[in-house]
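2 protein chains.
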Amino acid sequence: MATKHVKEMEALKEHLGKHQLKLTRQRELILSAFLRQEHITAEAMYHQLAKSDPHLGLATIYRTLNLFCDAGLAQARHFGSQTKYDNVSHKGHHDHLICTGCEKIVEFENEEIERLQEEVATRHGFTIKTHRLELYGLCTRCRD
Amino acid sequence: MATKHVKEMEALKEHLGKHQLKLTRQRELILSAFLRQEHITAEAMYHQLAKSDPHLGLATIYRTLNLFCDAGLAQARHFGSQTKYDNVSHKGHHDHLICTGCEKIVEFENEEIERLQEEVATRHGFTIKTHRLELYGLCTRCRD
DNA sequence: ATTGAAATTGATAAACTGTCTCAAAATTAT
DNA sequence: ATAATTTTGAGACAGTTTATCAATTTCAAT
Ligand SMILES: [Mn+2]
Ligand SMILES: [Mn+2]
Ligand SMILES: [Zn+2]
Ligand SMILES: [Zn+2]
Chain Z
480 MATKHVKEME ALKEHLGKHQ LKLTRQRELI LSAFLRQEHI TAEAMYHQLA
530 KSDPHLGLAT IYRTLNLFCD AGLAQARHFG SQTKYDNVSH KGHHDHLICT
580 GCEKIVEFEN EEIERLQEEV ATRHGFTIKT HRLELYGLCT RCRD
Chain R
480 MATKHVKEME ALKEHLGKHQ LKLTRQRELI LSAFLRQEHI TAEAMYHQLA
530 KSDPHLGLAT IYRTLNLFCD AGLAQARHFG SQTKYDNVSH KGHHDHLICT
580 GCEKIVEFEN EEIERLQEEV ATRHGFTIKT HRLELYGLCT RCRD
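Going down the list, the sequences are from chains Z and R.
Position 62 of the first sequence, counted from 1, bears residue number 541 in my numbering, the numbering being contiguous throughout.
Position 127 of the second sequence, counted from 1, bears residue number 606 in my numbering, the numbering being contiguous throughout.
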């Protein structure tokens, strides 16, 4: 465990240092759980961690996942009814294909689309900071 | 008022007819208000209509705007914290540029992007039903 | 190692948005 | 007009996330 997720841990520590925040047992725990999962919700992580740490509060998980967003490790996504926290620390930015049949999520990047987005923005005098592209449909399996 | 929004009124009536729903004073009122605004929230409309119709219930507005979505006149968007109802009756499908400085929203269409989306989906075995593309950034005015 | 200021936590209350309930009212077909 | 059916409005309720605050933990300075 000391060998895994070192880079992300460093990134977190750097953010903490810059904002006079502290490194706690909970933050380490939640980071480790976060990096082990994709597109996880705060509640899902709460129940998952409750098995080994029954007293970890839900509020702490929300706070910490939001902290990861501030630190640039995570990004909040609004697919279903609950916010999903997406790991963007090792992968860079990416967008999503979402199957409305089985909830499967496929990540993709397409720099041609990204380029055209810039073009559209420029044409309207905008400077893009972020964007969100989600394609909803049916995967192969669910189409049959 | 009899001359305006006739087409949308017809579309609504057609949907009502097909689903044994009734045409009420509230539905006419809310349709008219809806077509007068862009990207409006249920609450904003509630307060707006309260001036002339203090007893129009918030639930009725939510129900009716959702009805418009079913009828294909409206589309729910999730920009801010509240759902915005977007008029798609006369315009067709479109995506959005959103200024995080002044909340300005610019609509755009780009069939090249749409085509590339299809391509990405196909490559992953998906059949797209809908999609959502939102570009967040600063407009000309807010950049200075 | 101890101290103490500052940040964090966990439990829970509260906020917020949207839907559900249900009796009363309105609509539409007969 | 009558009656069957749908709709409405008021408020209760539900789901998700944030705020509150006393107790605990961290960490920098002794
Ligand atoms: Mn992702
Ligand atoms: Mn729009
Ligand atoms: Zn599927
Ligand atoms: Zn602006």
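Yeah, the Cβ is synthetic: ideal placement off N, Cα and C, and Gly gets one too.
query: Could you spell out where the beta strand (DSSP E) holding Asp549 of chain Z opens and where it closes?; result: Looking at the DSSP string, Asp549 of chain Z is not in any beta strand (DSSP E); the run it does join, the alpha helix (DSSP H), is 537-549.
query: According to DSSP, Arg611 of chain Z sits in a beta bridge with which residue or residues?; result: R:Glu613
query: Go to His526 of chain R, then tell me how far its alpha helix (DSSP H) extends in each direction, as first and last residue.; result: 521-529
query: Leaving out the 5 sequence neighbours to the left and right, which residues in its chain are closer than 8 Å to Leu528 of chain Z when beta-carbon positions are compared?; result: Leu508, Ile509, Ala512, Leu535, Ile540
query: Under the assumption that Leu614 of chain Z contacts Ile607 of chain R (Cβ atoms under 8 Å), give the Cβ distance between them as a whole number of angstroms.; result: 5 Å
query: One question on the structure: do Asp574 of chain R and His518 of chain R come within less than 8 Å of each other, judged by their Cβ atoms?; result: no
query: At which residue ranges does the segment 483-516 of chain R contain complete alpha helix (DSSP H) runs of 4 or more residues, listed in the order of the chain?; result: 485-497, 504-515
query: Report the neighbours of His557 of chain Z on chain R: residues whose CB is nearer than 7 Å to its CB, in chain order.; result: His557
query: May I ask you to report which of helix, strand or coil DSSP gives Glu590 of chain R?; result: helix
query: Between the segment 497-508 of chain Z and the segment 572-591 of chain Z, can you find at least three pairs of beta-carbon atoms closer than 8 Å?; result: no
query: Out of curiosity, what's the CA-to-CA distance linking His484 of chain R and Leu544 of chain R?; result: 16 Å
query: Rounded to the nearest angstrom, what separates Arg515 of chain R and Glu493 of chain R at their Cα positions?; result: 21 Å
query: Any idea what DSSP makes of Gln596 of chain R, helix, strand or coil?; result: helix
query: From the beta carbon of Ala600 of chain R, is the nearest beta carbon of chain Z less than 8 Å away?; result: yes
query: Give a yes or no on whether 8 Å exceeds the smallest Cβ distance from Lys608 of chain Z to chain R.; result: yes
query: Give a yes or no on whether the C-beta atoms belonging to Leu704 of chain R and His526 of chain Z are separated by under 8 Å.; result: The displayed coordinates of chain R run from 480 to 623. Any statement about residue 704 of chain R would go beyond what the structure contains.
query: Can you give me the C-alpha to C-alpha distance between Phe558 of chain R and His557 of chain Z, rounded to a whole angstrom?; result: 10 Å
query: Grab the span of the beta strand (DSSP E) containing Cys621 of chain Z for me, first residue to last.; result: Cys621 of chain Z -> not in any beta strand (DSSP E); alpha helix (DSSP H) instead, spanning 619-622.
query: Taking C-beta pairs closer than 7 Å, name the residues in chain Z that Thr579 of chain R reaches, listed in chain order.; result: Lys608
query: Verify the CB distance criterion: does His494 of chain Z have a CB-CB separation below 8 Å to chain R?; result: no
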